[in-house]
Structure formats: structure tokens, C-alpha cells
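Only one structure is covered here, and it is reproduced in the block below.
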């Protein structure tokens with residue numbers, strides 16, 4: 092399939108694997124890229140030396156395009172930018188900050204820049220900042236989320252009407268039919284995170300993968316809105332946050348409960364009780380752990396089949 096997104100990234104299929112902290116290292120990114128999509132290394136959980144190693148290993152594992160996700164709140168972001176430039180990464184997805192901060196610097200070095208947003212208002216700011224494309228992410232998504240709580244079904248057409256640049260849909264997408272729905276609403280590609288957590292190549296702990304594929308509807312909720320909204324699996328840590336919020340806890344109180352390395356403890360080290368477990372609502376549809384390439388092909392096959400069925404409807 093060829094459209095603005097596939098031409099922009101030089102990929103075969105408009106399927107993008109989200110750059111998730113603790114879950115998307117070089118193994119997953121290279122596997123998705125080798126399958127025809129765009130794999131992304133999640134740099135937000137990596138120290139600079141680890142990040143450089145991940146980029147180099149990904150280069151060795153694939154000759155296809157891949158990207159890195161760079162949360163702009165990362166404390167050592169200058170070092171990550173330096174590594175991106177030195178290692179000649181060609182595509183960068185930025186998030187959690189102003190798109191004006193690094194877009195021009197990266198583009199001047201020939202790097203394609205995509206920014207993640209959760210509203211049409213921010214999408215316009217992204218376009219004004221000159222990004223090459225945007226990811227519009229509905230609040231069904233796992234991890235850090237928009238305060239507006241706009242669903243993907245409402246967000247994508249609103250963003251499509253607001254901007255002219257290429258649009259990638261994210262949030263609550265894990266199947267080919269959901270991908271087709273996003274295209275009908277105006278998207279030109281989809282970014283998928285939760286489905287790829289349950290892949291063989293994901294760096295998520297096996298306990299986390301098993302937990303994800305056991306979830307039902309309502310087993311995740313948006314939490315910590317006074318700090319940074321994040322969608323979490325309901326566990327002991329979530330309940331502690333909820334109890335504190337019900338008692339009127341402020342941002343500083345919630346940060347104290349969160350502590351340090353809480354997400355690593357859960358998603359990477361496998362503590363299903365006290366860890367921070369970030370995952371999207373589409374987890375309720377996942378029941379198997381598969382190779383990433385098989386997931387990509389399964390989504391694409393269902394997309395094309397559903398598209399043909401819709402034409403003949």
C-alpha cells in the first residue's frame with residue numbers, strides 16, 4: 092500500500108509499532124520493520140549508553156527504516172539528541188512536550204519528525220511547528236494520556252478537519268477492522284502499542300504479557316490526572332493511588348506514592364502487585380502471544396479483507 096505515510100517513512104505497510112517504555116527495544120522494533128511496518132525503539136526508559144546500544148543493535152538486525160520515540164520530558168534529552176544525530180537515526184517520534192522544542196534542530200539534520208498529540212488544538216500547534224506528521228492518540232491508549240479524555244472515534248475526524256499534514260491514528264487499535272475504522276475516519280496509518288506488548292520480541296516481562304492477555308473490559312482505568320494522566324491495570328499500586336485521590340491527595344502526595352522506577356518494577360521486572368502497569372483498553376481483545384511479524388500480517392490481512400467487504404456492502 093502506498094500513501095503519504097508509507098512514502099514519508101519508506102515502509103511497505105502503514106502499521107507503526109508504538110515506542111513503549113520497557114516494552115519496545117531493538118528486538119521488537121527490528122521485527123516490526125522487517126515485517127514491513129515501522130518499528131520504534133522506546134527511548135524514554137533508557138539511559139544514554141543503553142539507548143545507543145539499542146540503536147546500533149537495531150541497525151544490525153534490519154536494513155529497513157525504524158524510528159525512536161523520544162519523550163521530551165526525559166531528563167537527559169540533550170544526550171539522547173546527541174546520540175540520535177551521531178547514530179544517524181532517520182525518524183524520530185516526539186511526545187510529552189512542545190513540538191517546537193526540537194523539530195527544527197532534527198529536521199535540519201535530515202531527520203523526519205512526528206509528534207504525538209491528544210487534541211486537535213495541539214495538532215494545529217504541531218503543524219505550525221513544522222512536524223512532518225502527527226500521531227493523534229485517543230484516551231483508550233495505554234500509558235501517558237491526554238487530559239481531554241477524547242476517544243479515538245471522536246479525535247481522528249476532529250484532527251483530520253483541523254490539519255493537512257499526514258495523520259496517524261492511535262489508541263484502542265489492535266485489529267485490522269479497527270485499523271480500517273481509523274482510515275475511514277481520516278487516518279493514513281495506525282500506531283499500535285498494546286497488541287505488540289504481547290509479542291515474542293517485546294521486552295516486557297513474561298508476567299506482564301500473561302497479565303495483559305488475561306484482561307477483560309474495565310480492567311484498566313485512567314489515573315493520576317493531577318500529575319500526568321496514565322492508563323493503568325487495576326492492581327495494588329493502582330488501588331493505593333485511587334484511595335489517595337479519593338481522600339483528596341495532591342500532586343506531591345501522588346508523586347510520593349509513585350516513587351521511582353515504578354513502571355520498570357511492573358512492566359520490566361514483573362511485579363504485578365506493586366508495579367505500575369501501563370496498557371490500553373484493547374488488551375481485552377488479546378488472548379495470545381505471537382511473533383511480531385505474525386501480528387503485523389494478521390492485522391494487515393484483516394484490514395484488506397474488511398476493506399473489500401466494506402466495498403461490497
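Numbering (the working numbering), first residue to last: 92 to 404.
Yeah, the Cβ is synthetic: ideal placement off N, Cα and C, and Gly gets one too.
If we ignore side chains and look at the alpha-carbon of each, how far apart do residue i and residue j end up?
i, j, result
"residue 333", "residue 236", "17 Å"
"residue 345", "residue 401", "47 Å"
"residue 264", "residue 275", "13 Å"
"residue 135", "residue 146", "13 Å"
"residue 55", "residue 116", "The requested residue 55 is not part of the displayed model; the chain covers only 92 to 404."
"residue 240", "residue 398", "29 Å"
"residue 351", "residue 94", "42 Å"
"residue 149", "residue 338", "46 Å"
"residue 363", "residue 211", "35 Å"
"residue 291", "residue 209", "29 Å"
"residue 152", "residue 294", "16 Å"
"residue 99", "residue 206", "14 Å"
"residue 169", "residue 193", "10 Å"
Would you call residue i buried or exposed, if buried means 16 or more other Cβ atoms sit within 10 Å of its Cβ?
i, result
"residue 327", "exposed"
"residue 285", "buried"
"residue 165", "buried"
"residue 176", "exposed"
"residue 341", "exposed"
"residue 369", "buried"
"residue 234", "buried"
Any idea which residues DSSP pairs residue i with across the strands?
i, result
"residue 225", "206 and 258"
"residue 162", "186"
"residue 321", "235 and 314"
"residue 281", "106 and 260"
"residue 293", "Partner(s): none; residue 293 has no beta bridge."
Might you give, ordered along the chain, the residues of its own chain that have their beta carbon closer than 6 Å to the beta carbon of residue i, omitting 5 neighbours on each side?
i, result
"residue 218", "254 and 256"
"residue 262", "228, 229, 231, 232 and 243"
"residue 143", "174"
Using 8 Å for Cβ pairs, my map puts residue i next to residue j. What's the rounded Cβ distance?
i, j, result
"residue 271", "residue 394", "5 Å"
So, at 7 Å on beta carbons, what are the nonlocal neighbours of residue i in its own chain, with the 5 sequence-adjacent residues on each side left out?
i, result
"residue 315", "321, 332 and 345"
"residue 266", "376, 390 and 393"
If you drop the 5 nearest sequence neighbours on each side, which residues of the same chain put their C-beta closer than 8 Å to that of residue i?
i, result
"residue 132", "110, 115, 116, 117, 120, 142, 145, 146, 149, 157, 158, 159 and 160"
"residue 108", "115, 119, 120, 123, 128, 129, 130, 131, 282, 283, 284, 287 and 383"
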